[in-house]
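Numbering (our numbering), first residue to last: 3 to 436.
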């Protein structure tokens, strides 16, 4: 005989059910159903590949015992398992077995009057397994598909799955806005969403639910990498010295004293980014290029003539150290080209002014760009085929917001600045990458 209490099991606690069931001995039958389901859990736990057969037998046993409502829940759970394991979704039997066990445990909790635990999202397959930034830029990679189960419970609005874009320094951008669900079993991240801010430091996509990390997907790129340093930070290691050139691509903050500086330098076979300042908000960024042979390192200080470096043809030179006060229009450090076709390193007469530069050879394409206060952002071209460094800075770096920079965003180089004070100017030199 079918139990009349089954239709409202979801709405009352088991003590009340049992109190009503005393009249028709249903408590023993409920305990029997729990035992039957627990037996199925144990069977799937021992042999994941048996999940489908076990679920069919469980469904039949529950129907035979009159547990229609519970049997229908088992049917729906099994159907989700079949969908999850289809050829399209590519989840193996271990994942599906775990999915069945978790679902059956929630059914038991419901039967015994406990609030079932919220389903925990699981991923079993990701395609592609690596995100290549160049493919996004070329339009050949639109989305990343995550196949799994329990990605949401009843509606996509109740999903706690978050998507983060993580940089190498640990900073993260929340890009959950690029997430969409096609079913309980498939989530897609639109990696080509224009709101995502990729840079040369983008390291991986991190998928979380609550405090749990569900998946991490590496981001790889042929883009040049760049690094940040600010006053008080430890100098980051940039690259090996052999075959690499690392130079400045950003300068910001207040440069009010003779000893204020930012620089890339080599030590024990590696490049580092550092600085020295007693002022506020001094920061710098550096970019590295590999494969260009070194044509020379040069140094200049105030009170001496500009230093002749190398011929412009076939070469390029970049600033690796900027030192001294920058409090007026005539305060500057620059790399220029003389009438003789050579690069020269020089600057103004401000206290403590000095600079170093690295020159490289085998340069086939070379472009110069200049930004001044009042100008907008200047596009410099793709970052896939070129690298850009500072070649001149001048003006009044009088506060924490004053800055000039060349930077990568979404696969392209840009040049801009922020000038609270007058006459802030910068130039960058861009070369094609080998």
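Beta carbons: idealized from backbone N, C-alpha and C, even for Gly.
Quick check: the Cα distance between residue i and residue j, rounded to an integer number of angstroms?
| i | j | result |
| --- | --- | --- |
| residue 195 | residue 146 | 12 Å |
| residue 429 | residue 286 | 15 Å |
| residue 106 | residue 227 | 49 Å |
| residue 171 | residue 368 | 30 Å |
| residue 75 | residue 109 | 8 Å |
| residue 182 | residue 246 | 41 Å |
| residue 1 | residue 56 | The structure shown has nothing for residue 1, since the chain only spans 3 to 436. |
| residue 156 | residue 65 | 25 Å |
| residue 348 | residue 324 | 11 Å |
| residue 144 | residue 328 | 46 Å |
| residue 90 | residue 154 | Below a pLDDT of 50, predicted positions are generally treated as unreliable, and residue 90, at 45, falls in that range; the measurement from the model is reported next regardless. Distance between the alpha carbons of residue 90 and residue 154 is about 19 Å. |
| residue 208 | residue 191 | 11 Å |
| residue 375 | residue 420 | 7 Å |
| residue 135 | residue 142 | 10 Å |
Run through DSSP, which three-state label would residue i get?
| i | result |
| --- | --- |
| residue 57 | helix |
| residue 382 | strand |
| residue 443 | Residue 443 lies beyond the residue range present for the chain, which begins at 3 and ends at 436; the question has no answer from this structure. |
| residue 368 | strand |
| residue 330 | strand |
| residue 253 | strand |
| residue 70 | helix |
| residue 107 | helix |
| residue 258 | coil |
| residue 314 | coil |
| residue 246 | strand |
| residue 175 | strand |
| residue 198 | coil |
Nearest to residue i by alpha carbon, out of the options?
| i | options | result |
| --- | --- | --- |
| residue 365 | 295, 286, 41, 203 | 295 |
| residue 125 | 348, 211, 149 | 149 |
| residue 2 | 291, 188, 225 | Any question about residue 2 goes unanswered here, given that the chain covers just 3 to 436. |
| residue 339 | 322, 356, 308 | 308 |
| residue 47 | 312, 263, 102 | 102 |
| residue 121 | 152, 413, 223, 220 | 152 |
| residue 432 | 383, 357, 426, 398 | 383 |
| residue 178 | 220, 168, 45 | 168 |
| residue 188 | 351, 239, 158 | 158 |
| residue 265 | 173, 250, 279 | 250 |
DSSP has residue i in a bridge; who is on the other side?
| i | result |
| --- | --- |
| residue 190 | 147, 182 |
| residue 414 | 384, 411 |
| residue 361 | 298, 319 |
| residue 336 | 348, 394 |
| residue 277 | 264 |
| residue 170 | In DSSP, residue 170 forms no bridge with anything. |
| residue 419 | 406 |
Item to check | the segment 376-389 touching the segment 354-361, judged by at least three CB pairs closer than 8 Å | outcome: Three or more Cβ pairs closer than 8 Å define a contact, and the segment 376-389 falls short of that threshold against the segment 354-361.
Checklist entry - Is the segment 329-336 in contact with the segment 394-403, if contact means three or more CB pairs nearer than 8 Å? => result Of all C-beta pairs linking the segment 329-336 to the segment 394-403, three or more are shorter than 8 Å, placing the two stretches in contact.
Next on the checklist: If contact is defined by three or more beta carbon pairs under 8 Å, each pair taking one atom from either stretch, is the segment 398-414 in contact with the segment 250-264?
Outcome noted: With three or more CB-CB distances shorter than 8 Å, the segment 250-264 counts as touching the segment 398-414.
Next on the checklist: Under 8 Å: do the segment 226-243 and the segment 303-318 share three or more Cβ pairs, one atom per stretch?
Outcome noted: Contact between the segment 226-243 and the segment 303-318 is absent: fewer than three C-beta pairs spanning the two stretches fall below 8 Å.
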